[in-house]
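Enquirer:
In the numbering used here, the protein residues as written are 817 to 937.
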């Protein structure tokens, strides 16, 4: 399944890995469908690393999942931060703290594997 994020700078098309990480994709799709992400900003942009968004407060500190504040990590060993354009959940730096925030990598970031759940590209 795929979808597009509409931005002031053009659309970002994302292919979701719904078969591999269904709970994570369900969260993202439901938040998209409900308008949760409407008028939010990419609040963090680190050159050569990633762009991060999905916080309705636009501060980098807000957001929650459809399952409550957070939901548990969902990893698939075939999904890696191995190229530009990988989409992952942004957590609080601790396991099982996924909410609504996500990031898109600008380049290969293997040190993120097993820490931030990949759910699209």
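Glycine included, C-beta positions come from ideal geometry on N, C-alpha and C.
Among 913, 935, 883, 872, which residue has its Cα nearest to the Cα of residue 896?
Expert: Reading the chain shown from its first residue, position 80 is the one you call residue 896. Cα-wise, what sits closest to residue 896 is 935.
Enquirer: At a cut of 8 Å, does the region 860-868 reach the region 844-851 through at least three beta carbon pairs?
Expert: No: the two stretches stay apart, fewer than three of their Cβ pairs being nearer than 8 Å.
Enquirer: What separation, rounded to the nearest whole angstrom, lies between the Cα atoms of residue 868 and residue 836?
Expert: For the purposes of this step, residue 868 is taken as residue 52 along the chain shown, with counting starting at 1. For the purposes of this step, residue 836 is taken as residue 20 along the chain shown, with counting starting at 1. The alpha-carbon atoms of residue 868 and residue 836 are separated by roughly 22 Å.
Enquirer: Using a Cβ-Cβ cut-off of 6 Å (strictly less than) and excluding sequence neighbours within five positions of residue 888, which residues of its own chain qualify?
Expert: Looking up residue 888 in the chain shown gives position 72. These residues qualify, in order along the chain: 912.
Enquirer: Going along the chain, which residues of its own chain have a beta-carbon closer than 8 Å to the beta-carbon of residue 819, five neighbours each way excluded?
Expert: By one-based count along the chain shown, residue 819 stands at place 3. Excluding sequence neighbours, residue 819 sits near 829, 830, 832, 845, 848.
Enquirer: What does DSSP give as the partner residue(s) for residue 920 in the beta ladder?
Expert: As a first step, residue 920 is located in the chain shown; it is residue number 104 there, counting from the start. In DSSP, residue 920 forms a bridge with 867, 903.
Enquirer: Could you check the C-alpha separation between residue 921 and residue 856 for me, to the nearest Å?
Expert: The sequence position of residue 921 within the chain shown is 105, counting from 1. The sequence position of residue 856 within the chain shown is 40, counting from 1. One C-alpha to the other measures close to 18 Å.
Enquirer: Specify, as a first and last residue, the run of the alpha helix (DSSP H) that residue 844 falls within.
Expert: Along the chain shown, one-based indexing puts residue 844 at 28. It spans 838-849 - the alpha helix (DSSP H) in which residue 844 sits, taken as one unbroken run.
Enquirer: To the nearest angstrom, report how far apart residue 899 and residue 923 are at their CA atoms.
Expert: As a position in the chain shown, residue 899 is number 83, starting the count at 1. As a position in the chain shown, residue 923 is number 107, starting the count at 1. Approximately 5 Å, taken between the alpha carbons.
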